[in-house]
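Taking it in order: structure first as structure tokens, then the write-up.
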Amino acid sequence: EAHYEFTQFGLDRTQSQIAFSLRTSMIVGPEGRVPPLTPEAQQRNAQRAALAKGHEFDGPENRTIQERCIIWANEGPPMLPAGYNNYLQIVQTPAYVVIMQEMIHDARIIPVDGRPHAAPNIRKWLGDSRGRWEGDTLVVDTTNFTDKTNFRGSRENLHVVERFTRVDEKTVRYEFTVDDPATWTKPWSAEMPLARDKGPIFEYACHEANYGFANNLKGARALETKDKKDPK
Numbered sequence: 046e047a048h049y050e051f052t053q054f055g056l057d058r059t060q061s062q063i064a065f066s067l068r069t070s071m072i073v074g075p076e077g078r079v080p081p082l083t084p085e086a087q088q089r090n091a092q093r094a095a096l097a098k099g100h101e102f103d104g105p106e107n108r109t110i111q112e113r114c115i116i117w118a119n120e121g122p123p124m125l126p127a128g129y130n131n132y133l134q135i136v137q138t139p140a141y142v143v144i145m146q147e148m149i150h151d152a153r154i155i156p157v158d159g160r161p162h163a164a165p166n167i168r169k170w171l172g173d174s175r176g177r178w179e180g181d182t183l184v185v186d187t188t189n190f191t192d193k194t195n196f197r198g199s200r201e202n203l204h205v206v207e208r209f210t211r212v213d214e215k216t217v218r219y220e221f222t223v224d225d226p227a228t229w230t231k232p233w234s235a236e237m238p239l240a241r242d243k244g245p246i247f248e249y250a251c252h253e254a255n256y257g258f259a260n261n262l263k264g265a266r267a268l269e270t271k272d273k274k275d276p277k
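Residues 46 to 277 (our numbering) are what the sequence shown spells out, left to right.
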């Protein structure tokens with residue numbers, strides 16, 4: 046018998062460890078707000094909004110990449126909190142840092158051995174990340190996003206620099222700066238605390254058990270068949 050008790054398969058906001066802060070905004074620069082969009086970005090947003098109003102969703106190829114469980118905007122980079130699946134597990138080796146994300150169950154494998162970025166023609170959903178240490182701070186530089194990347198309207202030229210600094214036994218300060226000249230008039234930065242917790246990271250099962258997606262499509266096919274048999 047199916048049930049939907051959230052705490053049986055994930056942690057809600059009342060169960061998660063909270064890093065207390067007096068901060069009222071994650072954005073720290075410039076001027077404490079997201080810079081204006083470029084004219085090009087404004088035009089892209091208008092085209093996207095117009096497409097959404099008259100777009101058909103008859104097949105899986107027409108559904109959003111989030112609904113198809115390819116990538117979620119908050120999993121990053123840069124990483125942002127969402128309503129659920131916010132846990133991260135960070136694993137370090139001499140040559141790599143791996144960030145396992147609960148959302149979509151993606152693992153960011155970040156070399157820290159000094160190798161250069163991949164060739165410009167190699168594009169990835171989560172970008173191509175390279176890490177380095179500046180003292181006790183891990184700095185992660187990410188480029189090579191796909192043209193379908195959409196962080197607040199950005200595109201393939203998005204450049205993200207993240208900084209992870211452990212400030213005490215239970216807290217990591219997470220900072221990021223994003224730059225995309227085709228999207229914002231200037232780079233901007235944000236920061237937030239990451240609180241240590243016991244976990245666990247829950248397995249993220251998406252369409253392996255998501256019957257709603259298939260049933261939605263079956264329903265559409267049934268309506269199409271009905272219309273053909275009984276035209277009005």
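Just so it is clear, CB atoms sit at the ideal spot from N, CA and C, and this is done for glycine as well.
Three-way DSSP call (helix, strand, coil) for residue i in this model
i      : result
Gln111 : coil
Ile72  : strand
His150 : helix
Asp181 : coil
Thr230 : coil
Thr194 : coil
Ala235 : strand
Arg78  : coil
Exposed unless 16 or more other CB atoms sit within 10 angstroms - verdict on residue i
i      : result
Tyr132 : buried
Thr230 : exposed
Gly128 : exposed
Ile291 : For the chain, the structure presents residues 46 to 277; residue 291 sits outside this window and is missing.
Val143 : exposed
Gly77  : exposed
Gly180 : exposed
Thr138 : exposed
Gln134 : exposed
Leu67  : exposed
Val79  : exposed
Asn130 : buried
Thr194 : buried
Gly264 : exposed
Asp225 : buried
Length of the line joining the Cα atoms of residue i and residue j
i      : j      : result
Arg93  : Asp213 : 43 Å
Thr187 : Val223 : 10 Å
Ala140 : Arg266 : 51 Å
Thr228 : Ile110 : 20 Å
Asn260 : Tyr249 : 20 Å
Ala86  : Val184 : 28 Å
Val136 : His162 : 21 Å
Asn189 : Pro238 : 27 Å
Glu269 : Gly74  : 52 Å
Whether residue i touches residue j by CB criterion (9 Å)
i      : j      : result
Arg89  : Arg168 : no
Asp158 : Glu120 : no
Pro122 : Ser70  : no
Leu96  : Gly198 : no
Ala118 : Phe196 : yes
Trp170 : Ile116 : yes
Arg241 : Thr216 : yes
Pro156 : Gly172 : no
Given 8 Å as the limit, is there contact between the segment 189–206 and the segment 226–237, that is, 3 or more CB pairs closer than that? Contact holds: three or more Cβ-Cβ distances are below 8 Å.
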